[in-house]
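>
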Amino acid sequence: MSSSEARRALEAILMVAEEPVDLQLLAELLELAPGRVEELCADLAAAYQADDRGFVLVRVAGGYRFQSHPDLAAYVERFVLHGQSARLSAAALETLAIVAYKQPVSRAQVAAIRGVNADAVMRTLQQRGYVEEVGRDPGPGQALLYGTTRLFLERLGLDSLAELPPLAEFVPGPDAVEAFERGLGVREE
Amino acid sequence: MSSSEARRALEAILMVAEEPVDLQLLAELLELAPGRVEELCADLAAAYQADDRGFVLVRVAGGYRFQSHPDLAAYVERFVLHGQSARLSAAALETLAIVAYKQPVSRAQVAAIRGVNADAVMRTLQQRGYVEEVGRDPGPGQALLYGTTRLFLERLGLDSLAELPPLAEFVPGPDAVEAFERGLGVREE
Amino acid sequence: MVCAIRATPRPSLFQTAPEGQGPRPGKEALPYEVQTTVYEGPFDLLLHLITREEVDLWEISLSAIVDAYVAEVERMEVVDLDGATEFLVIAATLVELKCRRLLPGPAEVDVDEELALFEERDLLLARLLECKTFRDAGEALARLAGTAGLSHPRTAGLEPHLLELVPDLLGGVSPTDVRAAYLRATEAKRPPTVDLDHVAPIRLSVRDVVDELAVSLPTRGAVTFRRLTSGLASRLDVIVRFLAVLELYKQGLVELDQPSTFAELTVTWTGSATAELATVDAYEG
Chain A
33 MSSSEARRAL EAILMVAEEP VDLQLLAELL ELAPGRVEEL CADLAAAYQA DDRGFVLVRV
93 AGGYRFQSHP DLAAYVERFV LHGQSARLSA AALETLAIVA YKQPVSRAQV AAIRGVNADA
153 VMRTLQQRGY VEEVGRDPGP GQALLYGTTR LFLERLGLDS LAELPPLAEF VPGPDAVEAF
213 ERGLGVREE
Chain B
33 MSSSEARRAL EAILMVAEEP VDLQLLAELL ELAPGRVEEL CADLAAAYQA DDRGFVLVRV
93 AGGYRFQSHP DLAAYVERFV LHGQSARLSA AALETLAIVA YKQPVSRAQV AAIRGVNADA
153 VMRTLQQRGY VEEVGRDPGP GQALLYGTTR LFLERLGLDS LAELPPLAEF VPGPDAVEAF
213 ERGLGVREE
Chain C
1265 MVCAIRATPR PSLFQTAPEG QGPRPGKEAL PYEVQTTVYE GPFDLLLHLI TREEVDLWEI
1325 SLSAIVDAYV AEVERMEVVD LDGATEFLVI AATLVELKCR RLLPGPAEVD VDEELALFEE
1385 RDLLLARLLE CKTFRDAGEA LARLAGTAGL SHPRTAGLEP HLLELVPDLL GGVSPTDVRA
1445 AYLRATEAKR PPTVDLDHVA PIRLSVRDVV DELAVSLPTR GAVTFRRLTS GLASRLDVIV
1505 RFLAVLELYK QGLVELDQPS TFAELTVTWT GSATAELATV DAYEG
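Residue numbers (the numbering used here), protein chains in the order written: chain A, 33 to 221; chain B, 33 to 221; chain C, 1265 to 1549.
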């Protein structure tokens, strides 16, 4: 199959997809190596950009999908009525971050970090589809373990968890630690 | 708005639309005359053809929509038959079962039982013709209510819903539970 | 004593905005916005007091902290027993630390008790830092989602004429399968289990890490903090290691160099190879 035929086939398939189409599946359907499919998708994305199209081709959650160009959000939001998703509370975001970085993690572990019971917030995150059960702790108690979902990646525009910003970026710096220490009276003025 | 901005906005809106978008609605969203929108759509369709894209912009009964290019049907069919859309997931089967046994039922009720948002799965089931809207909840909110279709019965080889295997031997119905709880004094009259 | 004697001016850190939002000078530009005054438990309250109010907890009356939390508890419709218990433990630690400070001198204090208290305090500090870490990470996730949310995905699915191609998804599914799926979906989600996680809380010793670093650092020259913590699975371990490095810094045994916020932190041993660890004695018991 010629490159141009393969590019056209990719466009046709992605146009009828409901969710990101896995790279592996695309490779199988086109009988091409995954690396080749990646190149072709990159070609297409570059062409849309060069032609100043109102849509983009992105790689997200392990697959490819068409989506509207971010700078046209104002027009699209007039059209998309289902007001996307309600904002998450600060508590929910913090909990989501714990699950994202420490998965698989039990509710008790989440609660231990936050210092409060996490059941209600975890339920909300599950209902929103950002968090799901991923197994059970083999240890005593067999606590249910949770992880983030594919939808979580999609909503954040990430291809995989490896693209999360490193947690080290958020560890408070020496100044912050000093301030905390002073707050707790560890350090005298 | 410049023509190029209007064309990009059209592309963005049509890209995220699930159904053909009415010309009148497009005109309102872009604050342009319908005749102008028709011209712009024709421009876009011509550009896709000139660029030999794998998709087309067509005018169908209800309005404008993107769809896969007809000469790539072979690849699209392969995707339909082998892709993610070729099987009913466990989540979809559970959702279908809930609709079957509890109909008429709202999406919110389905979500409450499954503990996760059911919108995407319900839409798939509707697209496949197994589930349909059957009315509206008379209560506040007037939620849409869903039930199973004739196709669903046909595919399962049933004449009517009455032939679904009864649940009672394992799960007491809501009335029975209520009566039981009343007997225990858990529930107040 | 473990308390550092080094006098430092009030930190300016919390007068700068969180990363990515640009500097927001001025006292009323709140460095860390707590979106609601309903505190989500003790950590939330402490973080709020330390970061937003920039208070030294010793300067305000502990009863005010307790009152604030009790007021929140009363506003909650359901009492979160875990949270309330946790708060009591933390409040008790604070009260005890404060009492210690008011006592005339270390000579009259039971050394074992004092050390236990310091460990408790280190643990509290580590947990507060961890909590703050995830809070900031959560805000970063929200920013990512905000950016990604400007693009809307195509989810159109198959064109009507293609739907006919779809294989019979219910092929091989029997009515009994449907019933089984229903029962699966509606079954009591899980039997109640006794969660034992809280019985063995994470315990870390800053002292152990100080000891370890005092042995390994003299032979390593300048080493980045990232290097020092590579391979550590738990964030708490990383934080404890960080506290240990600070402890060595306080003792003048290492030099720290960080050109800018979030830049690589370099740790260089400056003490003699056989330096006496002043605080190690104090920690022992």
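Note that beta-carbon positions come from the ideal geometry of N, C-alpha and C, so glycine has one too.
Note that this is a predicted model, so its numbers are computed, not measured.
The beta strand (DSSP E) spanning GLY167 (chain A) covers which residue range?
That run of the beta strand (DSSP E) goes 163–168.
> Whose C-beta lies closer than 8 angstroms to the C-beta of LEU185 (chain A) among residues of the same chain, with five residues either side of it excluded?
Answer for LEU185 (chain A): VAL92, ALA93, GLY94, ASP191, SER192 and LEU193, listed in chain order.
> For ARG39 (chain B), which of helix, strand or coil comes out of DSSP?
In the structure shown, ARG39 (chain B) sits in a helix (DSSP, three-state: H, G or I).
> Please state the DSSP three-state secondary structure of PRO198 (chain B).
PRO198 (chain B) falls in the coil class under three-state DSSP.
> Skipping 5 residues on each side, what residues in its chain have a beta carbon closer than 8 angstroms to that of ALA59 (chain B)?
Correct list, in chain order: ALA65, PRO66, ARG68 and VAL69.
> Within a Cβ cutoff of 8 angstroms, which residues of the same chain sit near GLU63 (chain B), ignoring the five residues on either side of it in sequence?
These residues qualify, in order along the chain: MET33.
> For MET47 (chain A) and chain C, any beta-carbon pair shorter than 9 angstroms?
Yes, MET47 (chain A) lies at the interface with chain C (some Cβ there is under 9 angstroms from its Cβ).
> Have a look at ALA38 (chain A) and ARG85 (chain B) and give me their C-alpha separation to the nearest angstrom.
Approximately 11 angstroms between the Cα atoms of the pair.
> Distance check for ASP1432 (chain C) and MET47 (chain A), CA to CA, integer angstroms please.
So the two alpha carbons sit approximately 22 angstroms from each other.
> To the nearest angstrom, how far is the alpha carbon of ASP1475 (chain C) from that of ALA1508 (chain C)?
Spanning the two alpha carbons is a distance of roughly 9 angstroms.
> In chain C, which residues lie less than 7 angstroms from GLU213 (chain A) when you measure between Cβ atoms?
Residues of chain C passing the Cβ test: LEU1389.
> Hey, how far is the Cα of ASP32 (chain A) from the Cα of ALA1356 (chain C)?
Residue 32 (chain A) falls outside the range modelled here, since chain A spans only 33 to 221, and no answer is possible.
> Who are the neighbours of THR1419 (chain C) on chain B, taking C-beta pairs under 9 angstroms?
Per Cβ cutoff of 9 angstroms: VAL48, GLU50, ALA152 and ARG155.
> State yes or no: is the beta carbon of ALA44 (chain A) nearer than 9 angstroms to at least one beta carbon in chain B?
Chain B contact via Cβ: present.
> Going along the segment 122–136 of chain A in order, which residues come within less than 9 angstroms of chain C, judged by CB to CB distance?
Taking 9 angstroms as the Cβ-Cβ cut-off against chain C, the residues of the segment 122–136 of chain A that qualify are ALA122, ALA123, ALA124, LEU125, GLU126, THR127, LEU128, ALA129, ILE130, ALA132, TYR133 and LYS134.
> Assuming LEU176 (chain B) is part of the beta strand (DSSP E), what are its boundary residues?
Segment 176–180, the beta strand (DSSP E) holding LEU176 (chain B).
> Measuring straight from C-alpha to C-alpha, what distance separates GLN1515 (chain C) and VAL1479 (chain C)?
Spanning the two alpha carbons is a distance of roughly 15 angstroms.
> Can you tell me whether DSSP reads SER1480 (chain C) as helix, strand or coil?
If DSSP states are grouped into helix, strand and coil, SER1480 (chain C) belongs with the helices.
> In this structure, how does DSSP classify LEU55 (chain B) when only helix, strand and coil are distinguished?
Helix at LEU55 (chain B).
> Per DSSP, which residues does GLU1519 (chain C) bridge with? Please list them.
According to DSSP, which records beta bridges pairwise, GLU1519 (chain C) is partnered with C:THR1532.
> Closer than 9 angstroms, CB to CB, is GLY179 (chain B) near chain C or not?
So, not an interface residue.
> Quick one: grab the DSSP three-state call for GLN1285 (chain C).
With a pLDDT of only 35 at GLN1285 (chain C), under 50, the local geometry of the prediction cannot be trusted, and the value read off the model is given with reservation. Here GLN1285 (chain C) sits in coil by DSSP.
> Going straight from the alpha carbon of GLN159 (chain B) to that of ALA82 (chain A), what length do you get?
Going by the C-alpha atoms only, they are around 36 angstroms apart.
> Looking only at its own chain, which residues have a Cβ that is under 8 angstroms from the Cβ of TYR80 (chain A), when we skip the five neighbours before and after it?
Excluding sequence neighbours, TYR80 (chain A) sits near PHE87, VAL88 and LEU89.
> Measure the alpha-carbon distance for GLU109 (chain B) versus LEU1426 (chain C) and round it to whole angstroms.
Answer to the nearest angstrom: the Cα atoms are 8 angstroms apart.
> Can you confirm whether VAL1509 (chain C), when its beta carbon is compared against all beta carbons of chain B, has any partner nearer than 9 angstroms?
Not an interface residue.
> Classify GLY147 (chain A): buried if its beta carbon has 16 or more other beta carbons within 10 angstroms, exposed otherwise.
With 16 or more other Cβ atoms within 10 Å, it is buried.
> Starting from the N-terminal side, write out each stretch of the alpha helix (DSSP H) that is 4 residues or longer and does not extend beyond the segment 46–105 of chain A.
Qualifying alpha helix (DSSP H) stretches, in chain order: 55–62 and 66–82.
> Terminal residues of the continuous beta strand (DSSP E) containing THR1488 (chain C)?
Looking at the DSSP string, the run of the beta strand (DSSP E) that includes THR1488 (chain C) is 1486–1488.
> Write down the C-beta distance between ALA1404 (chain C) and PRO197 (chain A) rounded to the nearest angstrom, noting that I regard them as a contact closer than 8 angstroms.
Right, the Cβ-Cβ distance comes to about 6 angstroms (below 8 angstroms), so this counts as a contact.
> Taking 9 angstroms as the threshold (beta carbon to beta carbon), is LEU185 (chain A) in contact with chain B?
Answer no: the Cβ-Cβ gap between LEU185 (chain A) and chain B never drops below 9 angstroms.
> With distances taken from CA atoms, which of C:THR1530, C:VAL1473, C:THR1493 and C:ARG1443 is nearest GLN129 (chain B)?
Note that residue 129 (chain B) is Ala in the sequence shown, not Gln. Among C:THR1530, C:VAL1473, C:THR1493 and C:ARG1443, the Cα nearest to that of ALA129 (chain B) is on C:ARG1443.
> Return the bridge partner residues of SER138 (chain A) from the DSSP annotation.
Per DSSP, A:LEU177.
> Do the CB positions of PHE1398 (chain C) and TYR162 (chain A) come within less than 9 angstroms of each other?
Cβ atoms of PHE1398 (chain C) and TYR162 (chain A): not closer than 9 angstroms.
> Can you give the beta carbon distance from GLY167 (chain B) to LEU177 (chain B), rounded, assuming they're within the 8 angstroms contact cut?
Indeed they touch by this definition, with Cβ atoms about 5 angstroms apart.
> Suppose you measure from the CA of LEU1387 (chain C) to the CA of LEU188 (chain A); what does that come to, to the nearest Å?
Each residue's Cα considered, the two are about 33 angstroms apart.
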